[in-house]
Amino acid sequence: MPIKSKLLLKLLSIMVFLLFTFEPFTFSTFAAQKNQCLKCHKNFTMHTKNIRSASKIGCGACHLAEQGKKHPKQKNSIKLKYDIPGLCYDCHRESKFIGQYIHAPVAEGRCTVCHNVHQSQFESLLISKTPDLCYKCHDKAKFTKKYTHKVALNSCGRRCHNPHASEKPYLLSLSINDYCAVCHKAQETGRHIVSLPAGHIHPIKGVPNPKNPTKEMGCTSCHNPHSSNFAKLFLSGQKCKRCHKYY
Ligand code: HEC
Ligand code: HEC
Ligand code: HEC
Ligand code: HEC
Ligand code: HEC
Ligand code: HEC
Ligand code: HEC
Ligand code: HEC
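Residue numbers (numbering that gives the first Met the number 0): 0 to 246.
The following block contains the structure:
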């Protein structure tokens, strides 16, 4: 036992020694970098409020001083270590931003249209809250008609669409029908649409949507997932006549 704890003590002191000498990973480095750059760039913080993480990423984790140039006297005296988004993938796993479906601005590597790299008053270093952030590029009017699907609109973070990439269409985590069924179990089979004799159920998948034959029937063939001018989020005032002649 005593031998074991002596060994532990030795290991521990080596680790402490390393902690305070191994340059990029010490709190003192953080402080030094903080002093050096923050002397003039007073409003800059360190990319994350988590001090443990922040201690690893001083300004120098992303910015490099150009050899032989004086900052700030000379132009381009400080450059980025790598271009965006390569810079981000230096620390964030690239695989999270790749998928069968990639959100256009992510595919273009424009991380900073949504994130402020240094600091933000919003979670995830976002430039603004969702869904306002989304309305920067997506037409707000489509999402704010008379009847709104409040749940969807209030949580437009990862809970509905992955803002980066996904294996499913529309950046969802599940296929559309499965996704709706997470909350609307009772409507999952389509039995709610109309009472048919002999246990027949109105088709909700596996047949083409007559209004858009390139797509299969699904919950969104009849309901708008975001908002609508018709009750129950119907796509139109004609519940059945949109697709059928006789009912
Ligand atoms: C002596 C004050 C001072 C110090 C210290 C300083 N900067 Fe600057 N920095 C400036 C000024 C002034 C500008 C120019 C601002 C402008 O043009 O609006 C600037 C511009 C920049 C830019 C913009 C890109 C460019 O070159 O035009 C970056 C990035 C930058 N600084 C990073 C840093 C980093 C990282 C450090 C620490 C290693 C640092 N600065 C230290 C004063 C300073
Ligand atoms: C995680 C990477 C990262 C860290 C850490 C980081 N920066 Fe930056 N910085 C960037 C990127 C990326 C840009 C360019 C932003 C853009 O293109 O919109 C930038 C731009 C800047 C600019 C010029 C543009 C502006 O916003 O005024 C200054 C000045 C700057 N950084 C200073 C600092 C200072 C000081 C620190 C340390 C406190 C620091 N940065 C830490 C990534 C980083
Ligand atoms: C030098 C390493 C490094 C680089 C480069 C880097 N990050 Fe980070 N980033 C971190 C660390 C560490 C965290 C904090 C993670 C944690 O606390 O779990 C973080 C957190 C984040 C967060 C989440 C903050 C939160 O509150 O959840 C976002 C968003 C982010 N980074 C975006 C970017 C973007 C965009 C780039 C490229 C412009 C980038 N990062 C480059 C290390 C880095
Ligand atoms: C269209 C806006 C948008 C773009 C573009 C974008 N993000 Fe994000 N990002 C978000 C939102 C929204 C969240 C918060 C997700 C949540 O709340 O679950 C987030 C969260 C994050 C996080 C923290 C959560 C996590 O997944 O670890 C990181 C890191 C991140 N983004 C990095 C990046 C990088 C790197 C890029 C560029 C390749 C990028 N983002 C481009 C909107 C965007
Ligand atoms: C910088 C602009 C920009 C921002 C900000 C933005 N988007 Fe997008 N988004 C696009 C573009 C461009 C497309 C592709 C064209 C289209 O379908 O409208 C797209 C497409 C989409 C798609 C359809 C993807 C597909 O596979 O068909 C969804 C879902 C989406 N965005 C959700 C969001 C959400 C949620 C937010 C907010 C967190 C957001 N977007 C913020 C630009 C943006
Ligand atoms: C996170 C849970 C959740 C998911 C996922 C969800 N909904 Fe909803 N939905 C609700 C809640 C809660 C309400 C009632 C309050 C409201 O309108 O937001 C509702 C309301 C509705 C209504 C209106 C009901 C009425 O009586 O007016 C329809 C139609 C609807 N959802 C269809 C869908 C469809 C289609 C999907 C898939 C695209 C879906 N929902 C996904 C939770 C969800
Ligand atoms: C063929 C058109 C159609 C399809 C497809 C469809 N619905 Fe409906 N939905 C309706 C009709 C019709 C009603 C009932 C309206 C009424 O009785 O006033 C309704 C009502 C609802 C309601 C409101 C609560 C209720 O039962 O009245 C919800 C929630 C809903 N549907 C969810 C879904 C989900 C989830 C899917 C996919 C699994 C789906 N719908 C597929 C036509 C459809
Ligand atoms: C978005 C288009 C669409 C809407 C809206 C729609 N249906 Fe259908 N309906 C279909 C499709 C597609 C079929 C399957 C046709 C086929 O198999 O040839 C179908 C089949 C039916 C069937 C036959 C089911 C069977 O198993 O024999 C009935 C009855 C029916 N619909 C009634 C309705 C009623 C009532 C409404 C309004 C509440 C309605 N439909 C709304 C597309 C729609």
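The beta-carbon is built from N, C-alpha and C at its ideal position, and this holds for glycine as well.
Bear in mind the structure is a predicted one, so any value in this text is a computation, not a measurement.
| Asked | Found |
| --- | --- |
| Inside the segment 147-187 only - beta strand (DSSP E) runs reaching at least 3 residues | none |
| C-alpha gap between Asp82 and Lys204, whole angstroms | 45 angstroms |
| heavy atom of ligand 1 below 7 angstroms from Lys68 C-beta | no |
| Heavy atom of ligand 7 within 7 angstroms of Cys218 beta-carbon | yes |
| Separation of Pro196 from His102, as counted between CA atoms | 44 angstroms |
| Thr219 vs Ile175 beta-carbon contact at 8 angstroms | yes |
| Start-to-end residues for the beta strand (DSSP E) that takes in Leu79 | Ile77 to Leu79 |
| With 16 other Cβ atoms within 10 Å as the buried cut-off, status of Ala151 | buried |
| Residues near Tyr178 in its chain [Cβ-Cβ closer than 6 angstroms; skip 5 each side] | Leu171 |
| CA-to-CA distance, Ser76 to Ser235, given in whole angstroms | 59 angstroms |
| Tyr100 in three-state terms, based on DSSP | strand |
| Coil, strand or helix - Thr213 by DSSP | strand |
| Contact with chain C by Lys41, beta-carbon distance below 8 angstroms | Chain labels in this structure do not include chain C; a single protein chain is all it has. |
| Through-space distance from Ile126 to Pro209, alpha-carbon basis | 41 angstroms |
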